[in-house]
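For reference, the structure is listed below as structure tokens.
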Amino acid sequence: MTQPVPMTEVWRGSLLESLHLGHAVICDDTGQIVRSWGDPNATIYPRSSCKMIQALPLITSGAAARYGLNSEHLALACASHSGAAIHTDRVSAWLDHLGLGDDDFRCGPQEPSDMAARDALILADTVPCQMHNNCSGKHAGFLSVAQHMGAGPEYIDIDHPVQQACLAAFEEVTGEESPCYGIDGCSAPNFATSLHGLARAMAWFASAADRSDRQSEAAQQLTAAMMHHPELVAGEGRACTELMRAMNGRAAIKTGAEAVFVAIIPERRMGVALKIADGATRASECAIAAILVSLGILDPEHPATRKFMNAPVLNRRNIDCGIIKPAAGFP
């Protein structure tokens, strides 16, 4: 097995303080590897980086059309949001439209990472609900599909029609049979695949305009929604939101827990998938920015880029103490 390679360095002064290793793959529209680092066959859980795959049945089942869902709903279905009002207000309205409520979710409550939303809960002397969960948009999509199918309420169960539809879509676009699944932080199944399979899936999304089948049309809609509403996919200050804004509709990107990151690049018909071995998000954010810069999709001098790649290490007094940057020779 090929070992992970250095991807991100953290320097403090003149000393290399930390080094993050990982694997990454770039695929073309035929599913072939254009370039790889580390082991392209490494099996991983994509975690939240694959939400656009899990959202495919929302469209292909007919649920999105039945309930009049627009691009904002589709972006939220792909989101790992911050729990800000722009997220929870929309999710709440979505549930109301379905005739459902917070208790119908199975994702669990989560304290919002958005500071204004967190402060509002504290001031109101209340606790977070499931709508604050970063995956509540995805789960609203699951509920939409379940209701459209007339299926039962336990939509996160592995044998539920919603999750079986997600598995079928996942294996189709990765081009691989998933060897296993784990339970994600939001309680939904997360299907394993190789890094090559995940990059192949992103390239499939990137080249969807070349095809006219229903699944590919759904992929186009989801990719466009992510690029059009970057603030809904993550939130202010977050890498997905800031880097997509910086690329101005040239790519859709999505992070996942344990330092997974993917990119869909329609103009190049390419997909990218990477995984940092030690699970450090700061490293995956730097590495995806570096790859996007190398592909000419992201401006290396854009302020958003500089926030995540060649980023200063600041102390409590805002003194510049070091730098987070791509490892020597990467990419």
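In terms of this note's numbering, the sequence shown opens at residue 15 and continues consecutively. Even glycine gets a Cβ: it sits at the ideal position worked out from N, Cα and C. These numbers were taken from a predicted model, which means no experiment stands behind them.
- VAL19 lies in the beta strand (DSSP E); which residues open and close that run? Here the beta strand (DSSP E) through VAL19 covers 19 to 26.
- Contact set for VAL274: own chain, Cβ-Cβ below 6 Å, skip 5 residues either direction: Excluding sequence positions up to five before and after VAL274, its CB lies within less than 6 Å of the CB of PRO60, ARG61, SER63, LYS289, all in the same chain and listed in chain order.
- Along the chain, where does the alpha helix (DSSP H) that runs through ALA151 open and close? Checking the sequence, you will find Gly at residue 151 rather than Ala. Residues 150 to 163.
- Item | For PHE119, the nearest candidate out of SER150, ILE100, ALA99 (CA to CA) | Restricting attention to SER150, ILE100, ALA99, the CA atom closest to the CA of PHE119 is found in SER150.
- Item | One or two residues paired with LYS268 in a DSSP bridge | BP columns for LYS268 point to VAL276.
- Message: Beta-carbon within less than 7 Å of ILE278's beta-carbon, same chain only, minus the 5 sequence neighbours each way: which residues are those?
- Response: Excluding positions up to five away in sequence, the list reads MET216, PHE219, ALA220, THR237, ALA265, ALA266, GLY285.
- Whose C-beta lies closer than 6 Å to the C-beta of CYS335 among residues of the same chain, with five residues either side of it excluded? Within the same chain, CYS335 has close Cβ partners ARG26, VAL327, ASN329.
- Query: Residues in its own chain within less than 7 Å of ALA213 by CB, not counting five upstream and five downstream?
  - Reply: Around ALA213: VAL39, ILE40, CYS41, GLY285, VAL286, ALA287.
- Item | Nonlocal neighbours in the same chain, by C-beta distance under 6 Å from ALA325, ignoring five residues either side | Same-chain partners within the cutoff: ILE338.
- Message: Could you compute how far the alpha carbon of PRO175 sits from the alpha carbon of VAL24?
- Response: Cα to Cα, PRO175 sits roughly 45 Å from VAL24.
- Does the distance from the CB of GLY211 to the CB of GLY196 come in under 9 Å? No. Outside cutoff.
- Item | Alpha-carbon spacing of GLY249 relative to ILE311, whole angstroms | If I take the Cα positions, the gap works out to 21 Å.
- Validate contact between the stretch 101 to 110 and the stretch 161 to 181 using beta carbons, cut 8 Å, 3 pairs: With a cut-off of 8 Å, the stretch 161 to 181 and the stretch 101 to 110 do not count as touching, because too few Cβ pairs lie within range.
- Message: Beta-carbon within less than 7 Å of GLN235's beta-carbon, same chain only, minus the 5 sequence neighbours each way: which residues are those?
- Response: Correct list, in chain order: ILE73, LEU88.
- Task: Check each candidate in ILE47, ASN148, GLU185, ASP139 and name the one with the smallest Cα separation from LEU246.
- Result: The shortest C-alpha separation from LEU246 is found at ASN148.
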